[in-house]
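Notes follow the structure.
Residue numbers (UniProt numbering): 1 to 156.
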């Protein structure tokens, strides 16, 4: 059974006719005939080896540059905490709705205390205090919709 395909290489479209031979071994004549008839309209052009090598060099250079750039832009280990001059910001790890705020401004907290509960995708996510401190400012209230990485409160 013969099938026709359109193949695009380097913005050039070629019409290719392919014959399925299944489990039979094609005789030499059929194979040669198929190879010769890549397209009645246009033959594939060979890309000079120098061009291929130059493109490969460029790709390799870009990968190295990208890897170095990625290493420079490392994400902090604790995404819901950011150090400030007067303590740290507690950030939402994901978008959701504030279900509970378990602390008040001026309250002392210990590492691991449950500060806020965010509901996201029908699941409650507890946001704990990373370090001991005092709640300086609460920036959200119960029922607020928050985005991922939004600051919820500041602890000093």
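Ideal Cβ positions, reconstructed from N, Cα and C, are used throughout, including at glycine. As the structure is a prediction and not an experimental result, all values here were calculated from the model.
{"query": "Return helix, strand or coil for residue 40, following the three-state DSSP convention.", "result": "Low confidence applies to residue 40: its pLDDT is 49, below 50, so where it sits in the model is not reliable, and the reading given next is rough at best. It is coil, neither helix nor strand."}
{"query": "For residue 133, which three-state DSSP category applies?", "result": "strand"}
{"query": "For residue 132 and residue 103, I'd like the C-alpha separation in whole angstroms.", "result": "13 Å"}
{"query": "Less than 8 Å between the C-beta atoms of residue 15 and residue 1, yes or no?", "result": "no"}
{"query": "So residue 146 and residue 118 are supposed to be a Cβ contact under 8 Å. How far apart are they, rounded?", "result": "7 Å"}
{"query": "How many angstroms separate the CA atom of residue 92 from the CA atom of residue 115?", "result": "11 Å"}
{"query": "Kindly identify the DSSP beta-bridge partner or partners of residue 203.", "result": "Residue numbering for the chain in the displayed model covers 1 to 156; residue 203 lies beyond these limits and cannot be assessed."}
{"query": "Can you tell which of 98, 138, 88, 107 has the C-alpha that lies nearest to the C-alpha of residue 148?", "result": "98"}
{"query": "Quickly, what does DSSP pair residue 127 with across the bridge? List them, please.", "result": "116"}
{"query": "Helix or strand or just coil, what does DSSP make of residue 96?", "result": "strand"}
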